[in-house]
Amino acid sequence: MTFLFYIFAALALIGGIGVVVNRNPVSAAFAMIVSFLGLAALFIQLDAYLVGILQILVYAGAIMVLFVFIIMLLDVEEEEKRRFPIIGITSSFGVAIAFTLLVSVILKRSEIGAKPLPKLAEVSGPGSSDVHRIGEMLFSQYWFPIQIVGVLLLVATVGVIVLSKKELR
Amino acid sequence: MESAITLNHFLLVSGILFAIGLAGVLVRRNLIVIFMCLELMLAAANLTLVAFSRFNPVDGQPNYEGHVLLFFIITVAAAEVAVGLAIIVALFRSRETTDVTKINSMKY
Numbered sequence: 019m020t021f022l023f024y025i026f027a028a029l030a031l032i033g034g035i036g037v038v039v040n041r042n043p044v045s046a047a048f049a050m051i052v053s054f055l056g057l058a059a060l061f062i063q064l065d066a067y068l069v070g071i072l073q074i075l076v077y078a079g080a081i082m083v084l085f086v087f088i089i090m091l092l093d094v095e096e097e098e099k100r101r102f103p104i105i106g107i108t109s110s111f112g113v114a115i116a117f118t119l120l121v122s123v124i125l126k127r128s129e130i131g132a133k134p135l136p137k138l139a140e141v142s143g144p145g146s147s148d149v150h151r152i153g154e155m156l157f158s159q160y161w162f163p164i165q166i167v168g169v170l171l172l173v174a175t176v177g178v179i180v181l182s183k184k185e186l187r
Numbered sequence: 012m013e014s015a016i017t018l019n020h021f022l023l024v025s026g027i028l029f030a031i032g033l034a035g036v037l038v039r040r041n042l043i044v045i046f047m048c049l050e051l052m053l054a055a056a057n058l059t060l061v062a063f064s065r066f067n068p069v070d071g072q073p074n075y076e077g078h079v080l081l082f083f084i085i086t087v088a089a090a091e092v093a094v095g096l097a098i099i100v101a102l103f104r105s106r107e108t109t110d111v112t113k114i115n116s117m118k119y
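Residue numbers (this note's numbering), protein chains in the order written: chain A, 19 to 187; chain B, 12 to 119.
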């Protein structure tokens with residue numbers, strides 16, 4: 019289990035770095051899919067099966083297809099070979115490294131973060147899967163937010179159609 | 012097993028992924044790639060939620076409230092990507108570019 023964690027964490031991080039360093043947007047999109055696959059594997063390692071599958075279906079499937087489709091549609095050229103302004107690049111990576119250091123220092127001092135993975139109770143039979151439990155929560159306790167999300171998706175759909183029309187009348 | 016996986020491992024991966032996304036947003040000039048890096052930051056934050064829900068079990072099960080929140084985040088992210096890409100398409104139609112350094116009419 020331990021080495022699987024390191025493999026998939028490395029996959030997620032390498033994919034993320036690939037998004038940043040690839041000049042070609044299509045390569046960046048595919049690196050992003052690799053990153054999301056690693057992330058989904060980490061979710062599944064944390065016993066979040068539904069969320070892991072959703073991550074693959076929605077992010078790596080739907081969202082990245084949308085990105086690749088838009089890249090092809092717009093015929094985005096590679097970023098020019100002109101060098102990046104050195105001051106911008108150093109300050110950007112400086113901010114990122116400072117953030118990482120901040121997180122690692124905080125984590126090193128925290129006590130709640132040092133506990134190992136707690137054992138889960140053994141359950142079996144119908145109604146014990148996480149899909150069942152999350153579905154039950156969504157449609158009982160969280161019935162109102164899910165209605166709002168439905169309306170949000172409708173509004174987004176209409177908004178996208180309006181935005182991508184050539185001329186509004 | 013002296014080197015068991017702890018909550019810190021997952022939080023550190025999440026933090027590094029967030030920092031990578033942040034660096035991408037700051038460094039890249041292509042609007043679409045900047046948008047992808049934003050998605051990367053969002054996904055990194057998701058990992059934190061799942062890790063906390065798994066490491067703080069309720070009745071021997073992961074805290075499913077976190078998963079429900081994640082479900083809503085993924086849904087909202089999908090809607091956000093659709094609208095954002097539509098805005099990028101509209102921008103490309105009027106300006107013929109996705110380079111953020113050339114979209115500067117509101118800068119001065």
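Beta carbons: idealized from backbone N, C-alpha and C, even for Gly.
Residues that residue i contacts on chain B, provided the C-beta gap is smaller than 7 Å
i	result
residue 90 of chain A	Simply none; closest approach about 11 Å.
residue 23 of chain A	16 and 20
residue 147 of chain A	Result: empty, since nearest Cβ-Cβ is about 11 Å, beyond 7 Å.
residue 61 of chain A	61
residue 54 of chain A	54
residue 178 of chain A	93, 94 and 97
residue 79 of chain A	Near residue 79 of chain A there are no residues of chain B at all, since even the closest Cβ is about 10 Å away, more than 7 Å.
residue 131 of chain A	17, 18, 19 and 22
Burial state of residue i (16 or more Cβ within 10 Å)
i	result
residue 31 of chain B	buried
residue 104 of chain B	exposed
residue 22 of chain A	exposed
residue 46 of chain A	buried
residue 119 of chain A	exposed
residue 37 of chain A	buried
residue 131 of chain A	buried
residue 119 of chain B	exposed
residue 81 of chain B	buried
residue 81 of chain A	buried
residue 13 of chain B	Since pLDDT at residue 13 of chain B reaches only 49, below the 50 mark, its modelled position is unreliable, and no value is offered.
residue 115 of chain B	exposed
residue 176 of chain A	exposed
residue 47 of chain B	buried
residue 36 of chain B	buried
residue 110 of chain A	buried
residue 114 of chain A	buried
residue 24 of chain A	exposed
Closer than 8 Å at the beta carbon, the chain B residues around residue i
i	result
residue 134 of chain A	15, 16 and 17
residue 162 of chain A	Going along chain B, no residue has its Cβ under 8 Å from residue 162 of chain A, so there is no contact; the nearest lies around 12 Å.
residue 35 of chain A	31
residue 84 of chain A	92, 93 and 96
residue 122 of chain A	23 and 26
residue 167 of chain A	83, 86 and 87
residue 117 of chain A	26, 29, 30 and 33
Beta-carbon proximity of residue i to residue j, cut-off 8 Å
i	j	result
residue 98 of chain B	residue 181 of chain A	yes
residue 33 of chain A	residue 19 of chain A	no
residue 57 of chain B	residue 94 of chain A	no
residue 94 of chain B	residue 84 of chain A	no
residue 43 of chain B	residue 107 of chain A	no
residue 28 of chain B	residue 31 of chain A	yes
residue 33 of chain B	residue 117 of chain A	yes
residue 23 of chain B	residue 121 of chain A	yes
Residue closest to residue i, alpha-carbon to alpha-carbon, out of the options
i	options	result
residue 78 of chain A	B:75, B:73, B:71 and B:51	B:51
residue 91 of chain A	B:107, B:63, B:78 and B:15	B:107
residue 56 of chain A	A:84, A:29 and A:167	A:29
residue 78 of chain B	A:184, A:173, A:155 and A:24	A:155
residue 54 of chain A	B:117, B:111 and B:25	B:25
residue 159 of chain A	B:23, B:55, B:60 and B:76	B:76
residue 15 of chain B	A:105, A:135 and A:153	A:135
residue 184 of chain A	B:100, B:109 and B:112	B:100
residue 8 of chain A	B:53, B:112, B:96 and B:110	Missing from the structure shown is residue 8 of chain A; chain A here goes from 19 to 187 and no further.
is_contact[residue i, chain E] using C-beta, thresh 8 Å
i	result
residue 127 of chain A	The chain inventory of the structure shown lacks chain E, comprising the protein chains A and B.
Contact set between residue i and chain A, taken where Cβ atoms lie within less than 8 Å
i	result
residue 98 of chain B	181
residue 38 of chain B	38, 102, 106, 107, 110 and 111
residue 119 of chain B	Per Cβ cutoff of 8 Å: no residues; residue 119 of chain B is ~18 Å from chain A at best.
Closer than 9 Å at the beta carbon, the chain A residues around residue i
i	result
residue 43 of chain B	43, 46, 47, 85, 88, 89, 92 and 94
Residue i: contacting residues in chain A (beta-carbon distance under 7 Å)
i	result
residue 47 of chain B	37, 46, 47, 50 and 85
residue 85 of chain B	72 and 76
Contacts that residue i makes with chain B (C-beta to C-beta distance below 9 Å)
i	result
residue 29 of chain A	What residue 29 of chain A touches in chain B: nothing, since even the nearest Cβ is about 11 Å away.
Tell me, please, whether the region 119–128 of chain A touches the region 16–23 of chain B by the rule of three or more beta-carbon pairs shorter than 8 Å.
yes
Meets three-Cβ-pair contact criterion under 8 Å: the region 67–85 of chain A and the region 85–97 of chain B:
yes
Quick one: any contact between the region 55–74 of chain B and the region 132–146 of chain A, if contact means 3 or more CB pairs under 8 Å?
yes
Three or more C-beta pairs below 8 Å linking the region 53–72 of chain A and the region 144–164 of chain A:
yes
Is the region 57–69 of chain A in contact with the region 48–64 of chain B, if contact means three or more CB pairs nearer than 8 Å?
yes
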